[in-house]
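Numbering-wise, the sequence shown is residues 110 to 595 according to my numbering. No residue lacks a Cβ here, since even glycine has one placed at the ideal position from N, Cα and C. Notes follow the structure.
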Amino acid sequence: MELLKRVEGRLTFENNRTQIRHEVELRRDFRMVEIRFRYEPWRAEEKEISPAQRPAVFPKWSLGEDPDWRAEAPGETEYRNVLMISVDDSGGIRGMTHMHRAEQVHRIGVGGLTTEGFRPGMVPKGPLRVTISAFSVWGKGCSYTLEVYGEPIEGLEWRPFELHSHTVHSDGSQTVRELEGQALALGYGGLALTDHNTVSGQREWSCAAPELVRIGGMEWTTFHGHLLFLNCSDYLDWRGLTLKNFTETLRRIRERHPEMIVGIAHPFSTGSIGCAGCGFEFELRDWTLIDYLEVWSQTYKGNQKVNEAAYRLWTRLLDEGRRITAVAGGDWHVPLVGESGLSATYLCAPEGERSPRAYLAGLRAGRAAVSMGPVPLLELHDPAAGADYGIGGRMPGGPTKVQARVGVREGSIFGAHRTPQAGDFLVLESSRGALWRGECPDGTASVPLDISGVRWVRLALYDKSGGLLAFTNAIYREAEEPGDAT
Ligand SMILES: [Zn+2]
Ligand SMILES: [Zn+2]
Numbered sequence: 110m111e112l113l114k115r116v117e118g119r120l121t122f123e124n125n126r127t128q129i130r131h132e133v134e135l136r137r138d139f140r141m142v143e144i145r146f147r148y149e150p151w152r153a154e155e156k157e158i159s160p161a162q163r164p165a166v167f168p169k170w171s172l173g174e175d176p177d178w179r180a181e182a183p184g185e186t187e188y189r190n191v192l193m194i195s196v197d198d199s200g201g202i203r204g205m206t207h208m209h210r211a212e213q214v215h216r217i218g219v220g221g222l223t224t225e226g227f228r229p230g231m232v233p234k235g236p237l238r239v240t241i242s243a244f245s246v247w248g249k250g251c252s253y254t255l256e257v258y259g260e261p262i263e264g265l266e267w268r269p270f271e272l273h274s275h276t277v278h279s280d281g282s283q284t285v286r287e288l289e290g291q292a293l294a295l296g297y298g299g300l301a302l303t304d305h306n307t308v309s310g311q312r313e314w315s316c317a318a319p320e321l322v323r324i325g326g327m328e329w330t331t332f333h334g335h336l337l338f339l340n341c342s343d344y345l346d347w348r349g350l351t352l353k354n355f356t357e358t359l360r361r362i363r364e365r366h367p368e369m370i371v372g373i374a375h376p377f378s379t380g381s382i383g384c385a386g387c388g389f390e391f392e393l394r395d396w397t398l399i400d401y402l403e404v405w406s407q408t409y410k411g412n413q414k415v416n417e418a419a420y421r422l423w424t425r426l427l428d429e430g431r432r433i434t435a436v437a438g439g440d441w442h443v444p445l446v447g448e449s450g451l452s453a454t455y456l457c458a459p460e461g462e463r464s465p466r467a468y469l470a471g472l473r474a475g476r477a478a479v480s481m482g483p484v485p486l487l488e489l490h491d492p493a494a495g496a497d498y499g500i501g502g503r504m505p506g507g508p509t510k511v512q513a514r515v516g517v518r519e520g521s522i523f524g525a526h527r528t529p530q531a532g533d534f535l536v537l538e539s540s541r542g543a544l545w546r547g548e549c550p551d552g553t554a555s556v557p558l559d560i561s562g563v564r565w566v567r568l569a570l571y572d573k574s575g576g577l578l579a580f581t582n583a584i585y586r587e588a589e590e591p592g593d594a595t
């Protein structure tokens, strides 16, 4: 572990009921952060309580004095110095403790590394703030030591998610338990529950199988289109929504719920006579309100024309300079075990991560690949600067000669063709069209590229008849000339 910050401080009676904040800037993501805090003395003795401190012994009861009762002064052991720790990262509060200990060790991290009182998950790059809440400091005061350690990320894990599913809480035929069982049986490592206009199914998440990352969500099912809200645990009322007030309404929701991830479901679906409003009719005047587009809906082949149109829409948005993540959504309504052609959205987080936060941040940033078979891998390497850019990364507009590292890894979904087969081929697609085409390498291959004028690059995998099997999200490139930006 790496020591990120060490402070020694002293608190006096004047610090009573104040918050003392210490901040450390994390220059990268951490798998785990450990906070070691100790102070002494644990308590003050009666004789150390000065006359100035005496009035603070009793609360100033605001609810009125009781004429028949008077509080007694506490005994000596009660003059304890009570200091509590809370932690915030760049995404908000990670937890607070209320443990009466003069020596405290708290951990926040992936999987089971997190200690009581804190929300699990990797600790993202950015400011990390440790707050000491001084409930009481008596006598001559106390001195403290605060140390913050970080454990670096060792490896990344690509986890397959199903991001669109329904249960008996709307028009699905399976219970939440059955849905969870199905996801696990098919090889998914993550599942978003997105029932139509309700979140009531989320209370039925089971506690079994903690290896399945569960994301609470809701599918906004309106008269004029369907939107998916992930990391959503409460009802979002759409009943006042019109074609006209759509953009403003969505903007207000986003301001109120910055933690939510918002996507457009099956944009070109025509639905059926019984399913009015499946196709997207709203006029979206601000694409920054949308994090992702469901480019593949249901099974790819089952919905081929609609999915091809959505892929073209996504490509056009990328060409216009929008940074929209593309995902697959099975829109599961019925048990699917045994069905072929299932796809997954692979999201990436530090190895061992089981809380949704890091995956959702990755989804928003575009660290995602979509596949119904093997998973394509892509990285751009700028040899002059020694810099690497992964999927969803943003590279500056300057460098034009780069190396693309391309490859595929085995997919995880059962019933799919999980490893490359004879004739499968890769294409590096970009805003300037195809930059390279080649066979799937064993491991990774390095491809020299001239990316002059290119605004984005992605890697797509096709089968021998030219059918799309998988694709990565884009690596984005800044405009070369000022004024070229969109
Ligand atoms: Zn829908
Ligand atoms: Zn749906």
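Test item: CB-CB of residue i and residue j under 9 Å
i	j	result
valine 232	valine 142	yes
histidine 335	glycine 439	no
leucine 302	glutamate 132	no
valine 536	valine 479	no
leucine 451	valine 517	no
aspartate 559	threonine 509	yes
tyrosine 258	glycine 118	no
proline 269	glycine 298	yes
leucine 350	glycine 372	no
isoleucine 217	threonine 206	no
valine 277	tyrosine 468	no
serine 279	histidine 305	yes
leucine 489	isoleucine 584	yes
Beta-carbon proximity list for residue i, same chain, < 7 Å, skipping 5 on both sides
i	result
glutamate 548	Phe534
phenylalanine 391	His333, Gly334, Leu352, Phe355
glycine 415	Residue identity differs from the one stated: residue 415 is valine in this sequence, not glycine. Excluding residues within five positions, the ones whose Cβ falls inside 7 Å are His375, Phe377, Ser378, Ser406.
tryptophan 314	Val285, Arg323
alanine 624	Coverage of the chain is limited to positions 110 through 595, which leaves residue 624 absent and any answer about it impossible.
Which residues DSSP lists as bridging residue i, in chain order
i	result
glutamate 149	Ser252
isoleucine 241	Ile129, Ile194
tryptophan 545	Leu537
arginine 518	Val484
phenylalanine 580	Val479, Ala569
serine 574	DSSP lists no partner for serine 574.
arginine 323	Leu300
arginine 216	Glu143
DSSP state of residue i mapped onto helix, strand, coil
i	result
threonine 408	coil
alanine 594	Legend: pLDDT at alanine 594 = 44, less than 50; position of this residue unreliable, no value from coordinates given.
leucine 336	strand
glutamine 530	coil
glutamate 313	helix
arginine 421	helix
phenylalanine 391	coil
isoleucine 362	helix
arginine 601	Because the chain is modelled from 110 through 595, residue 601 falls outside the range shown and cannot be assessed.
leucine 112	strand
lysine 169	coil
alanine 318	coil
lysine 234	coil
tyrosine 401	strand
aspartate 343	coil
phenylalanine 270	strand
Same chain, Cβ closer than 6 Å to residue i, five either side skipped, listed in chain order
i	result
tryptophan 347	Trp329, Thr331
arginine 476	Cys457, Ile500, Gly501
tyrosine 420	Val404
glycine 461	Val219, Gly220
serine 540	Asp428, Val563, Arg564, Trp565
histidine 526	Gly482
serine 555	Gln512, Arg514
leucine 265	Cys457
alanine 317	none
serine 561	Thr509
glycine 532	Lys573
Sequence-distant residues of its chain with Cβ nearer than 8 Å to residue i (five each side left out)
i	result
alanine 89	For the chain, the structure presents residues 110 to 595; residue 89 sits outside this window and is missing.
alanine 594	With a pLDDT of 44 at alanine 594, under the threshold of 50, the predicted position of this residue should be treated as unreliable, though the coordinate-derived value follows. Closer than 8 Å at Cβ, skipping near neighbours: Gly430, Glu587, Ala588.
Any chain D beta carbon closer than 9 Å to residue i
i	result
glutamine 311	Looking for chain D here will not work: only one protein chain is present.
CB-CB length for residue i against residue j, believed under 8 Å
i	j	result
arginine 567	threonine 581	5 Å
alanine 211	tyrosine 188	The Cβ separation is near 14 Å, so there is no contact.
lysine 249	glutamate 134	The pair is not a contact, with the Cβ atoms about 34 Å apart (cut-off 8 Å).
glycine 235	aspartate 198	7 Å
glutamate 287	proline 444	7 Å
arginine 179	glycine 204	The pair is not a contact, with the Cβ atoms about 38 Å apart (cut-off 8 Å).
threonine 397	valine 246	About 47 Å; that fails the 8 Å criterion.
glycine 495	serine 449	So it is not a contact: roughly 44 Å between Cβ atoms.
Q) Listed in chain order, which residues are found with a beta carbon closer than 5 Å to a heavy atom of ligand 4? A) For the structure depicted, ligand 4 is absent and the ligand set comprises only ligand 1 and ligand 2.
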